[in-house]
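The numbering of the sequence shown is the UniProt record's numbering, which starts it at 1 and goes up by one.
From the three backbone atoms N, C-alpha and C, an ideal C-beta is built for every residue, glycine too.
Reviewing the structure listed below.
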Amino acid sequence: MKFDDLNGRVAVVTGGARGIGYSLAEALASQGCAVGLLDRLPDVETSAERLAADHGVPAAHAVVDVTDPGSVSAAFASVGEAIGTPDILVTAAGITIWGDAEHVDRETWGRVIDVNLSGTFYSTQAFARPLLEQGRQGSAILISSMSGRVVNVPQHQASYNASKAAVDQLAKSLAVEWAPSLRVNAIAPGYILSDMTRQFTEQEPELAAQWVDAIPAGRMGDPEDLHGVVLLLASDASRYLTGQTVVVDGGYTAI
Ligand code: NAD
């Protein structure tokens, strides 16, 4: 698929060292976007080098914890200096920590909310500031989850579910506040094979089988199954689409 208006634009992807984030960075690079990868993992440097080598686009990186707003602003500034001011954002940095709700401690609860909700906000804020100041257009795509609207079973992950529901409402709120300059949408994936989920599918195959049983598409998704939607939301092809969450889950939430 080709979205010609993406050629030469600048994107930042948080959580871009691996998994869904890296795959979505590849989707954008395949259209000719320069891409900045932000991640707390030092591997993000190698990921950026690989992206540039495989797709022949400028790539930059910064090691950053998205829960620290000052560092996030600095990371956006350094990526901006290297490859230009980003006008596309994908926030894929996220974590899940399972546990029975009645025993979850303050630190665990806070970490999940901090990374998934606050980190998403700080990243989107740092992205938006220069564009709003310069009166420019841009598109932010927040990676939420189907867990923001349904409760996954059998695992217990209340903090994750609540954080992703909040991300959907954050996307709506920012979309209204920053229109008409910036569009803000979310993508809510279903079960996707990534580093996050592979630990479960490999160590607990019967658990993965239970998940797959509930997916009408009959399989877990691949990160590539999100490419079409991310490109559509990044591109001017969706110029009148804002404040929405697009669910990409193989039909899981349709039942
Ligand atoms: P992953 O663990 O493979 O990748 C997440 C990336 O985020 C990692 O590179 C990690 O280092 C980075 N990260 C985590 N905390 C960070 C922090 N504080 N600062 C900076 N970077 C940080 O997971 P994934 O499956 O690729 O998930 C990507 C996003 O997609 C997450 O937001 C996740 O909640 C969401 N999601 C995943 C699935 C799934 O089934 N895999 C489904 C729905 C939504």
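- With contact defined as three or more Cβ pairs closer than 8 Å, the region 137-148 and the region 176-188 are in contact.
- DSSP, read as helix, strand or coil, puts A208 in helix.
- By the CB criterion at 9 Å, A128 and P69 fall outside the cutoff.
- With distances taken between CA atoms, S73 lies nearest to F121 out of A186, F121, N116.
- Distances from the CB of S173 to the heavy atoms of the ligand NAD are all 8 Å or more.
- Secondary structure at T85: coil, using DSSP grouped into helix, strand and coil.
- Counting C-beta atoms within 10 angstroms of its own C-beta, Q31 has 16 or more neighbours from the protein chains shown and is therefore classed as buried.
- For the ligand NAD, a non-hydrogen atom lies closer than 8 Å to the CB of I192.
- In terms of side-chain proximity, the C-beta atom of P189 is found nearer than 8 Å to a non-hydrogen atom of the ligand NAD.
- Leaving aside the five residues that flank L174 on each side, the residues in its chain whose CB is nearer than 8 Å to its CB run, in chain order, T124, A128, A140, L182, V184.
- Secondary structure note for P130: its alpha helix (DSSP H) is the uninterrupted segment 119-133.
- The three-state reading of DSSP puts P223 in helix, counting H, G and I together.
- Under the rule that a run must span 3 or more residues, the beta strand (DSSP E) segments found entirely inside the region 122-199 read 138-143, 182-189.
- Rounded to whole angstroms, the gap between the alpha carbons of L41 and L142 is 20 Å.
- Bounds of the beta strand (DSSP E) holding D39 are 34-39.
- CA-to-CA, the gap between T46 and H55 works out to about 14 Å.
- The alpha-carbon of E49 is positioned some 44 Å away from that of E102.
- The C-beta distance from N116 to K164 rounds to 7 Å, short enough to meet the 8 Å contact threshold.
- Cβ atoms of P189 and L226 come within 8 Å of each other, at about 6 Å.
- Per DSSP, A48 lies in no beta strand (DSSP E) segment; the continuous alpha helix (DSSP H) that holds it begins and ends at 44-55.
- Residue side-chain check: P205 keeps its Cβ at 8 Å or more from all non-hydrogen atoms of the ligand NAD.
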